[in-house]
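Notes to accompany the following structure.
There are 2 protein chains.
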Amino acid sequence: MNLKELSQKLGLSQTTVSRALNGYPEVSQSTRRRVEEAARTFNYRPSTRAKGLATGQALAIGHVIPVSSKHEMVNPIFGDFIAGAGETYARHGYEMMLTIVDDANELQVYDGLKSRRAVDGVILHAPRMDDMRIPHLHKLGLPFAVHGRASGCQVPYAWLDVNNRRAFHRATDFLIDLGHTRIALINGLEDMDFAHRRRDGYSTSLLAHHIPIDTSLMRSGEMTEDFGYQSTRDMLQKADPPTAVLASSLISALGVRRAIEERGLVMGKDVSVITHDDVLSYLQNGSDVPIFTATRSSVREAGRRLAEMLLISIAEPDRPLQNALLEAELMVGSSTGPAPRKD
Amino acid sequence: MNLKELSQKLGLSQTTVSRALNGYPEVSQSTRRRVEEAARTFNYRPSTRAKGLATGQALAIGHVIPVSSKHEMVNPIFGDFIAGAGETYARHGYEMMLTIVDDANELQVYDGLKSRRAVDGVILHAPRMDDMRIPHLHKLGLPFAVHGRASGCQVPYAWLDVNNRRAFHRATDFLIDLGHTRIALINGLEDMDFAHRRRDGYSTSLLAHHIPIDTSLMRSGEMTEDFGYQSTRDMLQKADPPTAVLASSLISALGVRRAIEERGLVMGKDVSVITHDDVLSYLQNGSDVPIFTATRSSVREAGRRLAEMLLISIAEPDRPLQNALLEAELMVGSSTGPAPRKD
DNA sequence: ATTCATATCCAAAGCGCTTTGGGAAGATGA
DNA sequence: TCATCTTCCCAAAGCGCTTTGGATATGAAT
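Order-wise, the sequence lines are chains A and B. Just so we're on the same page, our numbering is the position in the first sequence counted from 1, plus 25. Just so we're on the same page, our numbering is the position in the second sequence counted from 1, plus 25.
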């Protein structure tokens, strides 16, 4: 069923039917109702492609998911972020177009999306420091919004980020207040912008409390369970092991816990753990009482809001670029406690 | 840059340029090269929408991701599956269109995709038993392929599935051979088809070895870490606790391990654990030696292959529907060992 | 020299929609 | 009663591509 057939069935012109369905005023109430009714019974929906061609819009937003060529790794927060963004798109009649790409040729993908006019804008995931993608998209003239930020990036851009620095600053403060001085940081990959900010928050807190920074207590890598486990195991074997661990993701925190317990230690007593928690749907931090003390910020909510921001900037291109800094809440669970006595 | 402009620049008709770029024979080698060259320098790529409108194809595949309305849960295997499917699409010049939807109104989404002519076909995720979506899509006439199967479904359909029944049958056999008789099953949600098949494999093995089936050793729910933990903790508190646990996902297996260790028991000695492992990129089962003994089947590979199958059935509609049954490999890790003596 | 394939190219129609620029009633006011 | 607005509708152009149905030239075959 297409517009032509529908309008013939109604004995109206395509113009009128189109206008009736799109809420234009040049149609009487009675015919509008008649058209809407017919559209429903014949299950008519305008072809997205034809509509897009006629209006010059794609009514679609692109998400380009980089898969690290080294590790073949898909970011686990991705599913929940997408779920949030998808809600927003559905509400506004947009489609979501996904591209999976080896991070080596991500830039070409953007060129392709632009030149094929496949999307009205894109969401940028997992920004690195000085991310080249941002100036590239800027130059391309394709509207975009970034989930996170890229330090050192000169051009302006719309973004939404968690206040990673403050979150990790507070978490470190919290551990120091509990008497910990040997605090390990198990971070994400070094070139990710968020990892850099988290480390910054951590170091700043240590320095403010005159605690020397020990680089042997800092690790960074892909945030897998095994990475958390290996890193913690190594550090616990040291002569002067950490009494607290700050982890960048719940998944690696699970590995941290494993290493602690394997050594016969008790988490929250012998070793305290704080993790960042993205509130992923399949990885809840305990059911009622949180297991891990955590800095918490929902990535799904981030998806909802960032998508909203992008749609606004597409609808009103002259509006100044928006950004949002979400504060993570510090939820105290049972994985933290006072630093053990040194005897 | 569009076709019209490009052909003017070349002093050729749109027809010729289009044909040159699409590999039709009615173009001389020399002009074809000239056209290709120009297309490259002017960065011309045909508009997907216009092309789709002209050819009647969408050049896009839909993935409808149901989000359980109760649990707001996004299936964690989804990211890796998509990554696999995306590779295939990229190779064939297709786009991937994602829709996130509350599982209550999933059927309408398919109607919408069809009537808006937004996709050429869809991939069906997470089939339930007697899944209504399959006859619905069949009636709609929208090509589709199912990741998994739906027992009791009458209409024919293309699918790719892991041999869940055999995998869990073998895993149970393996445990029984080690001397275990009290074997728990921590399964996925009851109405998921795969959960049913896994339970079937498990029960069949027990029965074949004349081991009575104890329903108090069987749990099913969303496969979270916490679910694995809670279930195992409960069962270990029983008078006659299990000496082995079969888990449906690596995530819940992590919870199983936590419950075991919390009780001061040793996994692989006091309690054996086997899990199914979807080989998710962010949840590797150990780095060199697998931690968990596992039935293993890559969900990313499944994505690649199922996408391939769908594209074929779209390209050749008359071909009989394909299906593929992947065998999971049983990888022995350190989480299994002989059943402890009863003294 | 004439005929007929063959190799190259082109004009124009059509895909399903939106939107511009009217046009024909009916309502309104003088 | 007549001119003037509104109100409501329509024909046709255009979005950027593919594809049909020729047209023209070239060379081989007669």
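Cβ coordinates follow ideal geometry from the N, Cα and C atoms, glycine included. Since the model is a prediction, treat every value here as computed from it, not as a measurement.
Can you tell me which of B:197, B:316 and B:45 puts its alpha carbon nearest to the alpha carbon of residue 228 (chain B)?
Counted from its first residue, the second sequence places residue 228 (chain B) at position 203. The shortest C-alpha separation from residue 228 (chain B) is found at B:197.
Any Cβ of chain B within less than 8 Å of the Cβ of residue 107 (chain A)?
Reading the first sequence from its first residue, position 82 is the one you call residue 107 (chain A). For residue 107 (chain A), the answer is yes, since a Cβ of chain B falls inside 8 Å of its Cβ.
Output the residue ranges of the beta strand (DSSP E) runs that lie fully inside the segment 138 to 206 of chain B and measure 3 residues or longer, sorted by chain position.
Runs found: 146 to 149, 169 to 172 and 183 to 187.
Terminal residues of the beta strand (DSSP E) in which residue 88 (chain B) lies
For the purposes of this step, residue 88 (chain B) is identified with residue 63 of the second sequence, where counting begins at 1. Counting along the chain, the unbroken beta strand (DSSP E) around residue 88 (chain B) starts and ends at 85 to 92.
Thinking just about the alpha-carbon of each residue, which of B:367, B:139 and B:332 is nearest to the one in residue 113 (chain B)?
Residue mapping note: residue 113 (chain B) aligns to position 88 of the second sequence, counting from 1. Checking every option, the nearest Cα to that of residue 113 (chain B) belongs to B:332.
Chain A contact residues for residue 103 (chain B), given Cβ-Cβ distances below 8 Å:
By 1-based counting over the second sequence, the position of residue 103 (chain B) is 78. Residues of chain A passing the Cβ test: 104.
On a Cα-Cα basis, can you pick out the residue from B:213, B:133 and B:219 that is closest to residue 172 (chain B)?
Here residue 172 (chain B) is taken as the residue at index 147 of the second sequence, counted from 1. Distances from the alpha-carbon of residue 172 (chain B) to those of B:213, B:133 and B:219 put B:219 closest.
List the whole-angstrom C-beta distance separating residue 128 (chain A) from residue 93 (chain A), where the pair is believed to meet the contact cut-off of C-beta under 8 Å.
Mapped onto the first sequence, residue 128 (chain A) falls at position 103. Mapped onto the first sequence, residue 93 (chain A) falls at position 68. Going by Cβ atoms, the distance from residue 128 (chain A) to residue 93 (chain A) rounds to 6 Å, so yes, they are a contact pair.
Counting only Cβ pairs nearer than 8 Å, list the residues of chain A close to residue 77 (chain B).
Translated into positions along the second sequence, residue 77 (chain B) becomes position 52. Listed along the chain, the chain A residues whose CB falls inside 8 Å of the CB of residue 77 (chain B) are 74.
Contacts that residue 83 (chain A) makes with chain B (C-beta to C-beta distance below 8 Å)
Your numbering for residue 83 (chain A) matches position 58 in the first sequence. Under the 8 Å cutoff, chain B gives 74.
Secondary structure of residue 248 (chain A), DSSP reduced to three states:
By 1-based counting over the first sequence, the position of residue 248 (chain A) is 223. The answer is coil: DSSP assigns residue 248 (chain A) none of H, G, I, E or B.
I want to know whether the segment 322 to 336 of chain B touches the segment 291 to 306 of chain B - three or more CB-CB distances under 8 Å.
yes
Reduced DSSP secondary structure (H/G/I, E/B, other) of residue 301 (chain A)
Here residue 301 (chain A) refers to the residue found at position 276 of the first sequence. In this structure, residue 301 (chain A) counts as strand in the three-state DSSP scheme.
Taking 8 Å as the CB-CB limit, is residue 288 (chain B) close to chain A?
In the second sequence, the residue the question calls residue 288 (chain B) occupies position 263. No - not a single Cβ of chain A is within 8 Å of the one on residue 288 (chain B).
Could you run through the segment 305 to 318 of chain B and flag, in chain order, every residue whose CB is less than 9 Å away from some CB of chain A?
305, 306, 307, 308, 309, 310, 311, 312 and 316
Applying the 10 Å Cβ sphere with the 16-neighbour rule, what's the burial state of residue 37 (chain A)?
Your numbering for residue 37 (chain A) matches position 12 in the first sequence. When all chains shown are included, residue 37 (chain A) counts as buried.
Relative to the C-alpha of residue 308 (chain B), which candidate in A:310, A:159, A:313 and A:276 has its C-alpha closest?
Counting from 1 along the second sequence, the entry for residue 308 (chain B) is found at position 283. Nearest C-alpha to residue 308 (chain B): A:276.
Taking a Cβ distance cut-off of 8 Å, strictly less, list which residues of the segment 136 to 169 of chain B are near chain A, in chain order.
Interface annotation for the segment 136 to 169 of chain B against chain A: 136, 137, 140, 141, 142 and 143, criterion Cβ-Cβ distance under 8 Å.
Quick one, which of B:180, B:318, B:31 and B:42 has its alpha-carbon nearest residue 273 (chain B)'s?
Position 248 of the second sequence, counted from the first residue, corresponds to residue 273 (chain B). The option with the nearest alpha carbon to residue 273 (chain B) is B:318.
Of all the CB atoms in chain A, is at least one closer than 8 Å to the CB of residue 125 (chain B)?
Along the second sequence, one-based indexing puts residue 125 (chain B) at 100. Taking CB atoms only, residue 125 (chain B) has a neighbour in chain A less than 8 Å away.
Quick one: residues in its chain with C-beta nearer than 8 Å to the C-beta of residue 361 (chain B), no 5 flanking neighbours on either side, listed in chain order?
On the second sequence, position 336 is the one that residue 361 (chain B) refers to. Sequence-distant Cβ neighbours of residue 361 (chain B) in its own chain, meaning closer than 8 Å and more than five residues away, are 199, 200, 203, 269, 293, 297, 298, 299 and 318.
Along chain A, in chain order, which residues have C-beta atoms closer than 9 Å to that of residue 69 (chain B)?
Within the second sequence, the letter at position 44 stands for residue 69 (chain B). Here the neighbours are 140.
According to DSSP, simplified to helix, strand and coil, what is residue 270 (chain A)?
Stepping through the first sequence from its first residue, residue 270 (chain A) is reached at position 245. Strand.
Interface residues of chain A around residue 271 (chain B) at Cβ under 7 Å?
Within the second sequence, the letter at position 246 stands for residue 271 (chain B). Simply none; closest approach about 19 Å.
Report yes if the C-beta distance between residue 85 (chain B) and residue 346 (chain B) is below 8 Å; otherwise report no.
Translated into positions along the second sequence, residue 85 (chain B) becomes position 60. Translated into positions along the second sequence, residue 346 (chain B) becomes position 321. It is not a contact, given that the beta carbons lie outside the stated cut-off.
With contact counted as at least three CB pairs below 8 Å, one residue from each stretch, are the segment 66 to 74 of chain B and the segment 131 to 145 of chain A in contact?
yes
Once you ignore the five residues that flank residue 63 (chain A) on each side, which residues in its own chain have a CB closer than 6 Å to its CB?
As a position in the first sequence, residue 63 (chain A) is number 38, starting the count at 1. Within the same chain, and ignoring the five residues on either side of residue 63 (chain A) in sequence, the residues whose Cβ sits closer than 6 Å to its Cβ are 35.
Complete runs of the beta strand (DSSP E) confined to the segment 275 to 325 of chain A [at least 3 residues]
297 to 302 and 318 to 321
Whole angstroms are fine: how far does the CA of residue 181 (chain B) sit from the CA of residue 162 (chain B)?
Counting from one through the second sequence, the residue named residue 162 (chain B) turns up at place 137. Counting from one through the second sequence, the residue named residue 181 (chain B) turns up at place 156. The straight-line gap from Cα to Cα measures roughly 11 Å.
Give me the chain A residues within the contact set of residue 97 (chain B), using Cβ-Cβ distance strictly less than 9 Å, ordered along the chain.
Here residue 97 (chain B) refers to the residue found at position 72 of the second sequence. Within 9 Å Cβ-Cβ: 108, 306 and 325.
Can you list, in chain order, the residues of its chain with a C-beta nearer than 7 Å to that of residue 222 (chain A)? Leave out the 5 residues immediately preceding and following it.
Residue 222 (chain A) sits at position 197 when you count from the first residue of the first sequence. Same-chain partners within the cutoff: 189 and 190.
Starting from residue 173 (chain B), find everything on chain A with Cβ-Cβ shorter than 8 Å and list it in chain order.
As a working note, residue 173 (chain B) is residue 148 in the second sequence. Those within 8 Å of residue 173 (chain B) in chain A number zero; the least Cβ separation is about 18 Å.
Determine the direct distance from the alpha carbon of residue 111 (chain A) to that of residue 281 (chain A), and round the result to whole angstroms.
Counting from one through the first sequence, the residue named residue 281 (chain A) turns up at place 256. Counting from one through the first sequence, the residue named residue 111 (chain A) turns up at place 86. Answer to the nearest angstrom: the Cα atoms are 33 Å apart.
Step through the CB atoms of chain B and report whether any lies within less than 8 Å of the CB of residue 121 (chain A).
For the purposes of this step, residue 121 (chain A) is taken as residue 96 along the first sequence, with counting starting at 1. Yes - at least one Cβ of chain B is within 8 Å of the one on residue 121 (chain A).
Tell me which residue opens and which closes the alpha helix (DSSP H) that residue 233 (chain A) is part of.
For the purposes of this step, residue 233 (chain A) is identified with residue 208 of the first sequence, where counting begins at 1. Start and end: 218 to 233.
Closest residue to residue 123 (chain A) among B:103, B:134, B:133 and B:132 (Cα-Cα distance)
Taking the first residue of the first sequence as position 1, residue 123 (chain A) is located at position 98. That would be B:103, whose Cα lies nearest to the Cα of residue 123 (chain A).
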